[in-house]
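Visitor: Numbering (UniProt numbering), first residue to last: 1 to 308.
Don't be surprised by glycine CBs; every beta carbon is placed ideally from N, CA and C.
Questions regarding the structure given below will be posed in turn.
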């Protein structure tokens, strides 16, 4: 399946790219957003991060066809600040993040991300790290499984699913995605199985987030990224589920929205705040994009600007 970049035009417009600017794509993927940023740079430079070496290898020719003023960095984006500092970059004009798992990662049967194809339980975005989905499913104790299913999957049947996982693995390790799907289904009431949507979706999301430390990394990169922005620099972030969106919304709100000292009093002025929201409500995909790209249905784009 071809990977189609979500909210591409909206993201590029939001960044207000300057041809001599320094820009960072924290989530290179297959280079869709990076290539559009690069097309708009003359004397500027693009730095793009990905912890998946396959993504870097596959996107390199696409970017080379546009120009050579880019640097690809094989690293989790939580290392944004330190990796840029190594390269003498202290401030940037714009930062972009697309927090969705790329289609090639889902489509590659060996990666173990998808509940729709059978593969060894893996889910590592960075193939060099040790922790994988197999380890989470087969070695975490019941309480930890319940915690991640509730927190990262918002799964109402977390206790039942965790119990089934623990009892199933006593007989033999749960090795594949389809084996895990069967265990999940066995824990759910018949009425839930009849509902629209895949019954394993929330559990797989929870395990993927745990394996890749996604939410902790997101908080780090947002907070560090804000300190890297030059005056009038913009950060644009696309989220795909409520947990991510809540973190982005709250961190942006914390630095760009004045707090009321007392709800009976008027809000304190925003003139002393260092940042301002680009959009108070998230940008959503157009009806035309929704028709052509199923991934766009849950996408939300938020932006924040450092004041001049």
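For residue 320 and residue 120, I'd like the C-alpha separation in whole angstroms.
Guide: The structure shown has nothing for residue 320, since the chain only spans 1 to 308.
Visitor: What's the gap between the Cα of residue 224 and the Cα of residue 143?
Guide: Here residue 224 corresponds to residue number 224 of the chain shown, with the count starting at 1. Here residue 143 corresponds to residue number 143 of the chain shown, with the count starting at 1. Those two C-alpha atoms are separated by around 32 Å.
Visitor: Rounded C-beta distance between residue 174 and residue 162? I'm assuming under 8 Å.
Guide: What you label residue 174 is simply residue 174 of the chain shown in a count that begins at 1. What you label residue 162 is simply residue 162 of the chain shown in a count that begins at 1. That belief does not hold up - the Cβ atoms of residue 174 and residue 162 are roughly 12 Å apart, past 8 Å.
Visitor: Could you name the residues of the same chain whose beta carbon sits closer than 8 Å to that of residue 188, not counting the 5 residues immediately before and after it, in chain order?
Guide: By one-based count along the chain shown, residue 188 stands at place 188. Hits under 8 Å: 157, 160, 161 and 199.
Visitor: Got a sec, what are the start and stop residues for the alpha helix (DSSP H) residue 133 sits in?
Guide: Here the question's residue 133 lines up with position 133 in the chain shown. Where residue 133 is concerned, the enclosing alpha helix (DSSP H) stretches over 133-139.
Visitor: What does the alpha-carbon distance come out to for the pair residue 251 and residue 216?
Guide: As a position in the chain shown, residue 251 is number 251, starting the count at 1. As a position in the chain shown, residue 216 is number 216, starting the count at 1. Answer to the nearest angstrom: the Cα atoms are 13 Å apart.
Visitor: Rounded to whole angstroms, how far is the Cβ of residue 255 from the Cβ of residue 273, which I believe are closer than 8 Å?
Guide: The count along the chain shown starts at 1 and reaches residue 255 at position 255. The count along the chain shown starts at 1 and reaches residue 273 at position 273. Right, their Cβ atoms sit about 7 Å apart.
Visitor: For a quick check, are the C-beta atoms of residue 133 and residue 209 less than 8 Å apart?
Guide: Your numbering for residue 133 matches position 133 in the chain shown. Your numbering for residue 209 matches position 209 in the chain shown. In this structure, residue 209 does not lie closer than 8 Å to residue 133 by Cβ.
Visitor: Go ahead and label residue 76 buried or exposed: buried means 16 or more other beta carbons lie within 10 angstroms of its beta carbon, across all protein chains shown.
Guide: Looking up residue 76 in the chain shown gives position 76. Buried is the call here.
Visitor: For the alpha helix (DSSP H) containing residue 24, list its first residue and its last residue.
Guide: Locating residue 24 in the chain shown gives position 24, counting from the first residue. Premise fails: residue 24 lies in the beta strand (DSSP E), 22-25, not in any alpha helix (DSSP H).
Visitor: How big is the Cα-Cα spacing for residue 168 and residue 218?
Guide: Along the chain shown, one-based indexing puts residue 168 at 168. Along the chain shown, one-based indexing puts residue 218 at 218. Those two C-alpha atoms are separated by around 33 Å.
Visitor: Short of 6 Å in beta carbon distance, which residues of its chain neighbour residue 72, apart from the five on each side in sequence? Order them along the chain.
Guide: Here residue 72 corresponds to residue number 72 of the chain shown, with the count starting at 1. The residues are 48 and 56.
Visitor: Who are the Cβ neighbours of residue 192 in its own chain at under 8 Å, not counting the five residues just before and after it?
Guide: Here residue 192 refers to the residue found at position 192 of the chain shown. Counting only Cβ-Cβ distances below 8 Å, and skipping sequence neighbours, we find 157 and 199.
Visitor: Should residue 98 and residue 238 be called a contact, given that it needs their Cβ atoms to be closer than 8 Å?
Guide: Within the chain shown, the letter at position 98 stands for residue 98. Within the chain shown, the letter at position 238 stands for residue 238. Contact flag set, yes.
Visitor: Measure the CB-CB distance between residue 63 and residue 34 and report whether it falls below 8 Å.
Guide: Against the chain shown, residue 63 aligns to sequence position 63. Against the chain shown, residue 34 aligns to sequence position 34. It is a contact, given that the beta carbons lie within the stated cut-off.
Visitor: Helix, strand or coil: how does DSSP classify residue 204 here?
Guide: Locating residue 204 in the chain shown gives position 204, counting from the first residue. Of the three classes helix, strand and coil, the one that applies to residue 204 here is helix, per DSSP.
Visitor: Which residue from 86, 89, 93 and 81 puts its Cα closest to that of residue 37?
Guide: What you label residue 37 is simply residue 37 of the chain shown in a count that begins at 1. The shortest C-alpha separation from residue 37 is found at 93.
Visitor: Go through its chain and collect everything with a Cβ distance to residue 204's Cβ below 6 Å, but skip five positions before and after it.
Guide: Working through the chain shown from its first residue, we reach residue 204 at position 204. Cβ-Cβ distances below 6 Å link residue 204 to 115 in the same chain, with the five nearest sequence neighbours on each side left out; the list follows chain order.
Visitor: When you compare the CB positions of residue 243 and residue 235, do they come within less than 8 Å of one another, or not?
Guide: Along the chain shown, read from residue 1 onward, the residue named residue 243 stands at position 243. Along the chain shown, read from residue 1 onward, the residue named residue 235 stands at position 235. No, the Cβ-Cβ distance between residue 243 and residue 235 is not below 8 Å.
Visitor: Mapping DSSP to helix, strand and coil, what is residue 1?
Guide: Reading the chain shown from its first residue, position 1 is the one you call residue 1. Note that residue 1 scores 45 on pLDDT, short of 50, meaning its location in the model is unreliable; the coordinates nonetheless yield the value given after this. In this structure, residue 1 counts as coil in the three-state DSSP scheme.
Visitor: If we count the other Cβ atoms within 10 Å of its Cβ and call it buried at 16 or more, is residue 27 buried or exposed?
Guide: Taking the first residue of the chain shown as position 1, residue 27 is located at position 27. Residue 27 comes out buried.
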